[in-house]
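S.K.:
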């Protein structure tokens, strides 16, 4: 005798039909205890998030934001040029309390119709278990890592390059050429940089060197100079300051543009309202602030999309001038190609 437990369970959920459950189990047929437990149990909580990708049409290009993970940072160790009470006040405006700031890590995949280009590669596990979801996000978005042809790097900090390479030192993107700016490559790959770096900074240099080693060994690491052409639709925007060769990428198609800004901003809650707030790990703090102020002013004036590695996922939106600073206007979730935004 076969008993359809699913159908019985549906009946059992109704108190009015509770009595009907018993005839299905005559005295000679034992009723499993697990059956009763399942019959009245609430559905299990799923406790996982939706896949980590989001698409935006930029002209005829398809831009896919990819979630790699997050970093937990003590805000007392992040900001400079501002007092602790000022930071506390700004964070509390967006309901961030306590001593930690959770910082997202994102990368961006651009399908131009002719090329598949990745900008940055995430952190892998270089900073702990919070990162390392980039490959899964690429696959969830319908692509495969071996389809990526070009990887542009904003800068060579570990949370932007560690995802290039697997834990056993293999290329995660075997068919891709990796390209930071020449200035960025020269800085991180110089023996002098490692030898003269403060002890606490040497691990960051090693991360950068290790992440690109297998690409260099296979002639797939090709930095670009100021006059070199990039993939059609891409323009390198020098935004040196956070690192010596930090580069943003303007992606243009038709009348639409988006700038992938890397680490121009780390904290939306503090550096939009006050873009002169610095970050402890800026290589040249004054230059980084000047780049941030200038880029924000240009994006606000010309209504250019921005995407940032450490902005709340998907990290895409516009900014507007507000008081002495700026305000973040995040992209809205909508079907692909549908947007309220009009220039």
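In my numbering, the protein residues as written are 4 to 346.
Glycine is no exception: its CB is placed at the ideal position from the N, C-alpha and C atoms.
Being a predicted model, the structure only gives us computed values, none of them experimental.
1) For residue 217, collect the residues of the same chain with a Cβ closer than 7 Å to its Cβ; drop the 5 residues on either side in sequence, then sort them by chain order.
2) Within the continuous beta strand (DSSP E) that includes residue 3, where are the two ends?
3) Where do the ends of the beta strand (DSSP E) carrying residue 239 lie?
4) May I ask which residues mark the beginning and end of the beta strand (DSSP E) holding residue 114?
5) Closest to residue 108 by C-alpha separation, out of 270, 305, 204 and 343, would be which residue?
6) Are three or more beta carbon pairs between the region 73-81 and the region 113-120 nearer than 8 Å?
7) Pull up the DSSP beta-bridge partners for residue 224, would you.
8) Excluding five sequence neighbours on each side, which residues of the same chain lie with their C-beta closer than 6 Å to the C-beta of residue 166?
9) On the premise that residue 324 lies in contact with residue 303, defined as a C-beta separation below 8 Å, what is that separation, rounded to the nearest angstrom?
10) Give the secondary structure of residue 276 by DSSP, where H, G and I count as helix, E and B as strand, and everything else as coil.
11) Buried or exposed for residue 354, please, with buried defined as at least 16 other CB atoms from any protein chain shown within 10 angstroms of its CB.
12) With three or more beta-carbon pairs closer than 8 Å as the criterion, would you say the region 242-259 touches the region 293-308?
13) Along the alpha helix (DSSP H) that carries residue 333, what are the first and last residues, could you check?
14) Please classify residue 49: does DSSP put it in a helix, a strand, or coil?
15) Specify, as a first and last residue, the run of the beta strand (DSSP E) that residue 389 falls within.
16) Please go through the same chain and pick out, in chain order, the residues whose beta-carbon is closer than 6 Å to the beta-carbon of residue 264, but skip the five residues on each side of it.
17) Between residue 161 and residue 72, which are expected to be in contact by the criterion C-beta below 8 Å, what is the C-beta distance as a whole number of angstroms?
18) Do the region 148-159 and the region 82-93 make contact, defined as three or more Cβ pairs closer than 8 Å?
19) Should residue 319 be labelled buried (16 or more other beta-carbon atoms within 10 Å of its own) or exposed?
20) Tell me the rounded alpha-carbon separation between residue 141 and residue 233.
21) Less than 9 Å between the C-beta atoms of residue 96 and residue 272, yes or no?
22) Go ahead and pull the three-state DSSP assignment for residue 211.
23) Per DSSP, which one or two residues make a beta bridge with residue 70?
24) Go ahead and label residue 282 buried or exposed: buried means 16 or more other beta carbons lie within 10 angstroms of its beta carbon, across all protein chains shown.
25) Quick one: Cα of residue 306 to Cα of residue 321, how far?
M.R.: Reading from the atomic positions:
1) The beta carbon of residue 217 lies closer than 7 Å to those of 168, 172, 173 and 174 in the same chain, with the five residues before and after it left out.
2) A query on residue 3 cannot be resolved here, the shown segment of the chain reaching from 4 to 346 and no further.
3) That run of the beta strand (DSSP E) goes 237-241.
4) Looking at the DSSP string, the run of the beta strand (DSSP E) that includes residue 114 is 103-114.
5) Shortest Cα-Cα distance from residue 108 to any of 270, 305, 204 and 343 involves 270.
6) Verdict: no, contact absent.
7) 181, per the DSSP bridge assignment.
8) Result list for residue 166: 124, 125, 127 and 137, in chain order.
9) Contact check for residue 303 and residue 324: beta-carbon distance about 5 Å, within the 8 Å limit, so the pair qualifies.
10) Residue state, collapsed to three classes: coil.
11) This structure cannot speak to residue 354, because the chain is shown only from 4 to 346.
12) Yes, they touch.
13) First-last for residue 333: 328-333, but that is the beta strand (DSSP E), not the alpha helix (DSSP H).
14) It is coil, neither helix nor strand.
15) Residue 389 falls outside the range modelled here, since the chain spans only 4 to 346, and no answer is possible.
16) The beta carbon of residue 264 lies closer than 6 Å to those of 251, 309 and 311 in the same chain, with the five residues before and after it left out.
17) Here residue 161 is actually not in contact with residue 72; their C-beta atoms are around 12 Å apart, not less than 8 Å.
18) Judged by Cβ distances under 8 Å, the region 148-159 makes no contact with the region 82-93, as fewer than three pairs qualify.
19) The residue in question, residue 319, is buried, as its Cβ has 16 or more Cβ neighbours within 10 Å.
20) Answer to the nearest angstrom: the Cα atoms are 23 Å apart.
21) Contact: yes.
22) Three-state result, residue 211: helix.
23) Within the DSSP secondary-structure output, residue 70 pairs in a beta bridge with 109.
24) Residue 282 is buried by the Cβ-count criterion.
25) Taking C-alpha positions only, residue 306 is separated from residue 321 by approximately 7 Å.
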